[in-house]
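With the working numbering as the guide, the letters of the sequence shown map in order to residues 8 to 289.
From the three backbone atoms N, C-alpha and C, an ideal C-beta is built for every residue, glycine too.
Predicted, not measured: the structure shown is a model, and the values here were computed from it.
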Amino acid sequence: IFGYGTHYLETIGEVLIEQNVDLVLVGDSHAYAWSYPVTGFGDNNADGKINLDEIQVDSTSDFEFVKGDGFVQTIVGVAGRNLRDDITYPHPALASTYSTVASNGTNRAFPSEFGFAQIHVSDQELVVQYISAESGNIVGDTNGNGIRDAGENAFAEFRIVDPSTSINIDLNDDGVVDALDIDALCVAIMQGQHEDAVDLNRDGEVNKDDYHFMLNDLMKIQPGDANLDGVFNSADLVLVFQAGRFENDFLSAGWQQGDWNCDGKFGSSDLVLVFALGLYQP
């Protein structure tokens, strides 16, 4: 990472920053890795080259960066050597790397996880995910739900967000983003509303794509987490069954009453959804 032997940063690094470049893609075959946003450089020893300790970065977060704070360099290769812990290539500017060394007693690094970088771009953010060629899931996504859960420290995804295009998800305008806003969106979807305020993913339609976008990208929660504490466990099941809406033909249900598929009811389909996703934590 950062072009060993090429010193390209001396040539174009400042230009990348001046032109507000967000992402630089680098082909490689050692590891999946990305840097913190690079904000500047210094040549402290006046040797005409930028050394690793002369790269200035914003290390506020490993996984979420702000557009305009600098460019993020990411390797898009197939993985192999673990740059984070490799004493040969220490990288203080790296935000995160994935894949461990798999050797046969030699000094060679062998790929331990093949795959590719997948990039999603919207008006609000740029998301990079490393996808396993074997499973099709995000590398480090142990339960395959596409969300960074508690304990998934090797979840290989980062995003660059644009705060100037922030989306209002306080849909009931009570000053708090909570389960009631999820319920408000589901009501809008079921009623066939078309207002821009509930078209959260800005695709011109109001449907369950907006619901999934709200959960996964904006609120970063998962179906089943009725009390919004970050996990789906027995406390959530107690909460929803105490509400008494299960298979009730007369009473509607919201998020905290067990409606996790956004149809206004709490039924077996909601339970099938969350348990099929493998989200439950005993």
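Proximity below 8 angstroms, CB of I82 to CB of L16
Stepping through the sequence shown from its first residue, residue 82 is reached at position 75. Stepping through the sequence shown from its first residue, residue 16 is reached at position 9. No, these two residues do not count as a Cβ contact at 8 angstroms.
Q. The alpha helix (DSSP H) with H219 in it runs from where to where?
A. Working through the sequence shown from its first residue, we reach residue 219 at position 212. In the DSSP assignment, H219 falls within the alpha helix (DSSP H) that extends over 215–220.
*Exposed or buried, what is S42 when buried is set at 16 or more other beta-carbons lying within 10 Å of its beta-carbon?*
Numbered from its first residue, the sequence shown carries residue 42 at position 35. Looking at its Cβ environment, which holds 16 or more other Cβ atoms inside 10 Å, S42 is buried.
- Tell me, which residues are paired with A124 by DSSP? Counting from one through the sequence shown, the residue named residue 124 turns up at place 117. Residue pairing by DSSP places A124 opposite Y137 in a beta bridge.
* To do: Quick one: residues in its chain with C-beta nearer than 6 angstroms to the C-beta of L30, no 5 flanking neighbours on either side, listed in chain order?
  => Numbered from its first residue, the sequence shown carries residue 30 at position 23. Hits under 6 angstroms: V79.
When the Cα atoms are used, what is the spatial distance from V33 to G251?
By 1-based counting over the sequence shown, the position of residue 33 is 26. By 1-based counting over the sequence shown, the position of residue 251 is 244. Between the alpha carbons of V33 and G251 lies a distance of about 54 angstroms.
Should D54 be labelled buried (16 or more other beta-carbon atoms within 10 Å of its own) or exposed?
On the sequence shown, position 47 is the one that residue 54 refers to. It is exposed - the Cβ of D54 has fewer than 16 other Cβ atoms within 10 Å.
request  = List the residues that DSSP assigns as beta-bridge partners of T81.
outcome  = For this step, residue 81 is matched to residue 74 along the sequence shown. Note: T81 sits in a beta bridge opposite L32, W41.
So if DSSP puts E202 in a beta bridge, which residue, or which two residues, is it bridged to? On the sequence shown, position 195 is the one that residue 202 refers to. Beta-bridge partners of E202 (DSSP): none assigned.
Practice item. Go through its chain and collect everything with a Cβ distance to V28's Cβ below 7 angstroms, but skip five positions before and after it. Key: Locating residue 28 in the sequence shown gives position 21, counting from the first residue. Cβ within range, chain order: F78.
Requested in this report: For E132, name the three-state secondary structure that DSSP assigns.
Outcome: In the sequence shown, counting from the first residue as 1, residue 132 sits at position 125. Strand.
T46 to D224 span [Cα, whole Å]: To locate residue 46, count along the sequence shown from 1; it is residue 39. To locate residue 224, count along the sequence shown from 1; it is residue 217. So the two alpha carbons sit approximately 26 angstroms from each other.
- Do the segment 237–252 and the segment 193–210 make contact, defined as three or more Cβ pairs closer than 8 angstroms? The segment 237–252, when compared against the segment 193–210, does not touch it at the 8 angstroms Cβ threshold.
key: D256, buried or exposed, once every other Cβ within 10 Å from all chains shown has been counted against 16   = Position 249 of the sequence shown holds residue 256. With a threshold of 16 other beta carbon atoms within 10 Å, D256 falls short and is exposed.
query = Would a C-beta distance cut-off of 8 angstroms place L286 and Q229 closer than the cut-off?
reply = Translated into the one-based positions of the sequence shown, residue 286 becomes position 279. Translated into the one-based positions of the sequence shown, residue 229 becomes position 222. Yes, the Cβ-Cβ distance between L286 and Q229 is below 8 angstroms.
Check the C-beta distance from G271 over to C193 and give it rounded, since I have them as a contact under 8 angstroms. Within the sequence shown, residue 271 is the residue found at index 264, counting from 1. Within the sequence shown, residue 193 is the residue found at index 186, counting from 1. Going by Cβ atoms, the distance from G271 to C193 rounds to 6 angstroms, so yes, they are a contact pair.
### Query
Any idea which residues DSSP pairs Q63 with across the strands?
Residue 63 sits at position 56 when you count from the first residue of the sequence shown. Answer is G47, bridged to Q63.
Every unbroken alpha helix (DSSP H) inside the segment 206–276 [4 residues or more] | Unbroken alpha helix (DSSP H) runs of no fewer than 4 residues, entirely contained in the segment 206–276, are found at 215–220, 241–249, following chain order.
For a cutoff of 8 angstroms on Cβ pairs, would you count W262 as touching chain C? Of the protein chains in the structure, only one exists, and it is not chain C.
_The beta strand (DSSP E) enclosing I189, as first and last residue numbers_ = Residue numbering aside, residue 189 sits at position 182 when the sequence shown is read from its first letter. Note, I189: premise wrong, no beta strand (DSSP E); alpha helix (DSSP H) at 186–197.
Quick check on this structure: which residue in V183, V184, E212, D185 has the alpha carbon closest to the alpha carbon of M197? Position 190 of the sequence shown, counted from the start, is the residue given in the question as residue 197. Across the set V183, V184, E212, D185, the C-alpha of E212 shows the shortest separation from the C-alpha of M197.
Self-check item: Three-state secondary structure (DSSP) of V183
Solution: To locate residue 183, count along the sequence shown from 1; it is residue 176. Here DSSP, grouped into helix, strand and coil, assigns V183 to coil.
Let me confirm a value: F282 is counted as buried when at least 16 other C-beta atoms fall within 10 Å, else exposed. Which label applies? One-based indexing of the sequence shown puts residue 282 at position 275. So F282 ends up on the exposed side.
Considering only residues of the same chain and omitting the five flanking positions on each side of S66, which have a CB-CB separation below 6 angstroms? Mapped onto the sequence shown, residue 66 falls at position 59. Cβ-Cβ distances below 6 angstroms link S66 to Y43 in the same chain, with the five nearest sequence neighbours on each side left out; the list follows chain order.
*Beta-carbon spacing of E254, R166 below 8 angstroms*: As a first step, residue 254 must be located in the sequence shown, where it is residue number 247. As a first step, residue 166 must be located in the sequence shown, where it is residue number 159. When the beta-carbon positions are compared, E254 and R166 stay at least 8 angstroms from each other.
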